[in-house]
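Taking it in order: structure first as structure tokens, then the write-up.
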Amino acid sequence: MSLRVDVYEGARIALFSLAANRLRTGLTTLGIGIGVATLLAIVGIIQGLNGSFERQLASLGPHTVVASRFPWVMTGDWWMYRKRKPLTVQQVEQVRLQATFISHTSPHVQRQADVAADGEQVSKVEIAGVTQDYQETTALEVKTGRFLTPEDDASGQAVAVLGSEVVAALFPKVPALGRQVRIEGRAFRVVGTLSPKGRMLDTNQDLRVFVPFRTFVDRFGQEKSLSISMKVDRPEHVQQAEQQLVSILRRVRGTPPGQPDDFTLNRPEMLANTYAQLTGALYGVAVGVGLICLLVGGIGIMNIMLVSVRERTREIGVRRALGAHRRTIILQFLMEASAVSALGGTLGTAVGLAAAQLVSLFSPLAAAVQPLTVVSSILFSAVVGLLFGIWPAARAANLDPVEALRYE
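Basically my numbering = 1-based index in the sequence shown + 74.
Okay, here's the thing in structure tokens:
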């Protein structure tokens with residue numbers, strides 16, 4: 075008998091056996107299904123977060139550099155950073171004049187405050203004082219109106235550009251342009267609104283209001299949080315720009331030779347590395363939980379297949395007596411185990427996809443399962459069934475035909 079015929083016969087008998095024992099088949103697929111559903115739901119959420127984070131990171135630009143007292147990712151003693159001298163406006167000007175690889179430079183100061191308008195109020199809004207160059211350094215997209223201008227900053231105009239969530243909260247039914255908002259009781263005229271940018275880790279980039287830098291300092295008098303936001307002229311100049319910035323800032327800040335830098339140059343890659351560590355840990359947990367569930371499901375398949383071999387001992391003896399090869403018996407039970415596992419994987423995939431989408435609907439977490447992940451889940455399920463079906467299949471094939479025929 076050819077292998078092709080063996081495969082056909084094995085598949086036919088395996089499917090017949092599964093159909094004849096629907097309850098057993100359903101319960102056996104449950105373990106595999108739970109494992110695949112758990113794994114796929116978590117992986118789907120992580121993949122969605124990855125996609126969202128990559129888009130947000132791309133919006134910052136691959137050649138953005140921010141000089142500040144504190145690093146975006148804390149790796150040392152917080153007090154060490156706290157003791158650093160604040161950056162100053164004069165240092166911003168020196169960077170602007172001396173940094174030849176920097177195309178745009180803006181000071182940046184911020185604080186949290188309540189913003190009110192027309193009886194509505196938004197709490198804990200980030201109020202940022204910047205210049206016109208900040209739009210280029212962070213790739214802000216103006217939706218309506220305009221961004222801040224040099225004239226706004228030079229004359230200390232009380233104007234503001236609102237993030238999308240601030241607009242939605244304060245002006246849900248009327249255009250925001252030309253309206254007045256109050257920041258800690260001080261009046262500002264809205265000259266522009268921004269397109270949505272979403273969240274970056276724990277920061278809501280749409281819950282922000284931008285005002286001219288000098289206006290911020292005059293109204294709120296807070297410069298300790300000053301940082302310098304910069305855009306390198308060309309991506310290939312990033313390394314040279316960083317070296318030049320270190321030299322300029324050490325000189326203008328009076329950092330003695332041999333002493334460590336008393337400032338940090340932050341780049342989007344720092345966030346990417348931290349995010350990769352976080353999602354790597356989540357992936358590990360997801361894979362661990364999924365593999366445990368699949369292991370339990372695989373053991374369940376093996377137990378059911380061993381029971382099936384015992385129940386069908388006489389059938390196996392008859393088939394062997396009529397000339398069926400051991401290979402045919404092995405293929406039959408392997409196909410049966412793989413079919414049960416693949417069925418569980420398919421159902422688990424459907425449940426996992428649905429769970430990931432439900433999480434997206436009822437929470438800010440985004441889910442995006444790649445097609446390759448779906449196909450891999452089903453194929454991996456089939457492989458699990460194949461592996462755990464080897465022992466029962468071998469046991470069935472090794473039955474002595476004479477003894478099997480005597481089995482009651």
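Every residue gets a Cβ at the ideal spot worked out from N, C-alpha and C, and that includes glycine.
Using only CA atoms, which one of A234, L345 and P330 lies nearest to P145? Residue mapping note: residue 145 aligns to position 71 of the sequence shown, counting from 1. Nearest option by C-alpha distance: L345.
Apply the 10 Å Cβ neighbour rule to P246 and answer buried if 16 or more other Cβ atoms are within range, or exposed otherwise. For the purposes of this step, residue 246 is identified with residue 172 of the sequence shown, where counting begins at 1. Counting the other CB atoms within 10 Å of its CB gives P246 a total below 16, which places it among the exposed residues.
I'd like to know if the stretch 185 to 192 and the stretch 251 to 265 are in contact, where contact means that at least 3 CB-CB pairs between them fall below 8 Å. Touching, yes.
Compare the C-alpha of E487 against each of F127, T138, S126 and G109 and name the closest. This structure does not reach residue 487, given that the chain is present from 75 up to 482, and the question cannot be answered.
Quick check: F337 and L323, are their CB atoms within less than 8 Å of each other? For this step, residue 337 is matched to residue 263 along the sequence shown. For this step, residue 323 is matched to residue 249 along the sequence shown. Closer than 8 Å, so yes.
Taking the alpha-carbon positions, what's the A424 to G374 distance? Residue 424 sits at position 350 when you count from the first residue of the sequence shown. Residue 374 sits at position 300 when you count from the first residue of the sequence shown. In this structure, the CA atom of A424 is about 21 Å from the CA atom of G374.
Taking buried to mean at least 16 other C-beta atoms within 10 Å of its own C-beta, is I108 buried or exposed? The residue given as residue 108 occupies position 34 in the sequence shown. Burial call: buried.
Measure the alpha-carbon distance for G362 versus S455 and round it to whole angstroms. Sequence index remark: in the sequence shown, residue 362 carries index 288 (1-based). Sequence index remark: in the sequence shown, residue 455 carries index 381 (1-based). Each residue's Cα considered, the two are about 15 Å apart.
Suppose the cutoff is 6 Å on Cβ atoms and the five residues either side in sequence are ignored; what does the same chain contact list for R400 look like? Counted from its first residue, the sequence shown places residue 400 at position 326. Sequence-distant partners of R400 (beyond 5 residues in either direction) whose C-beta falls short of 6 Å from its own C-beta, in its chain, are A471.
Per-residue DSSP class, three states only, for P466: What you label residue 466 is simply residue 392 of the sequence shown in a count that begins at 1. Three-state DSSP puts P466 in a helix.
Rounded to the nearest angstrom, what separates R156 and V233 at their Cα positions? Residue 156 sits at position 82 when you count from the first residue of the sequence shown. Residue 233 sits at position 159 when you count from the first residue of the sequence shown. V233 has its alpha-carbon roughly 32 Å from the corresponding atom of R156.
Pair within 8 Å by beta-carbon distance, P160 and D227: Within the sequence shown, residue 160 is the residue found at index 86, counting from 1. Within the sequence shown, residue 227 is the residue found at index 153, counting from 1. With respect to D227, P160 sits apart: the two C-beta atoms are not nearer than 8 Å.
Which full runs of the alpha helix (DSSP H) of 4+ residues lie inside the stretch 204 to 276, going along the chain? 208 to 211, 224 to 229 and 238 to 244, all fully within the stretch 204 to 276.
From this set, C367, V183 and S303, which residue's C-alpha is nearest T103's C-alpha? If you number the sequence shown from 1, residue 103 lands on position 29. Comparing Cα-Cα distances from T103 to each of C367, V183 and S303, the minimum goes to C367.
May I ask you to report which of helix, strand or coil DSSP gives S299? Looking up residue 299 in the sequence shown gives position 225. Here S299 sits in coil by DSSP.
Sort L435, V283, Q317 and L446 by Cα distance to T205 and report the nearest one. Here the question's residue 205 lines up with position 131 in the sequence shown. The residue with the shortest Cα to Cα distance from T205 is V283.
Straight-line Cα distance separating I378 from W152: Taking the first residue of the sequence shown as position 1, residue 152 is located at position 78. Taking the first residue of the sequence shown as position 1, residue 378 is located at position 304. W152 and I378: Cα-Cα distance of roughly 58 Å.
Our contact map puts V458 next to I106 with C-beta atoms below 8 Å; I'd like the distance itself, whole angstroms only. The residue labelled residue 458 in the question sits at position 384 within the sequence shown. The residue labelled residue 106 in the question sits at position 32 within the sequence shown. The C-beta distance from V458 to I106 rounds to 7 Å, short enough to meet the 8 Å contact threshold.
With C-beta atoms as the reference, is V216 less than 8 Å away from G272? Stepping through the sequence shown from its first residue, residue 216 is reached at position 142. Stepping through the sequence shown from its first residue, residue 272 is reached at position 198. By the CB criterion at 8 Å, V216 and G272 fall outside the cutoff.
For V326 and L339, believed in contact at Cβ under 8 Å, the rounded distance: In the sequence shown, the residue the question calls residue 339 occupies position 265. In the sequence shown, the residue the question calls residue 326 occupies position 252. Going by Cβ atoms, the distance from L339 to V326 rounds to 14 Å, so no, they are not a contact pair.
Pairwise C-alpha distance: Q431 and L453: Translated into the one-based positions of the sequence shown, residue 453 becomes position 379. Translated into the one-based positions of the sequence shown, residue 431 becomes position 357. Approximately 22 Å between the Cα atoms of the pair.
Bridge partners of V183, per DSSP? Position 109 of the sequence shown, counting from 1, holds the residue named residue 183. Note: V183 sits in a beta bridge opposite G203.
Leaving aside the five residues before and after F294 along the sequence, list all residues of the same chain whose C-beta is less than 7 Å from its C-beta, in chain order. On the sequence shown, position 220 is the one that residue 294 refers to. When the five nearest sequence neighbours on each side are left out, the beta carbons in the same chain lying within less than 7 Å of the beta carbon of F294 are those of R185, in order along the chain.
Taking 8 Å as the limit between beta carbons, can you name the residues of its chain near Q130, skipping five residues before and five after? The residue labelled residue 130 in the question sits at position 56 within the sequence shown. Excluding sequence neighbours, Q130 sits near K271, G272, R273, M274 and Q279.
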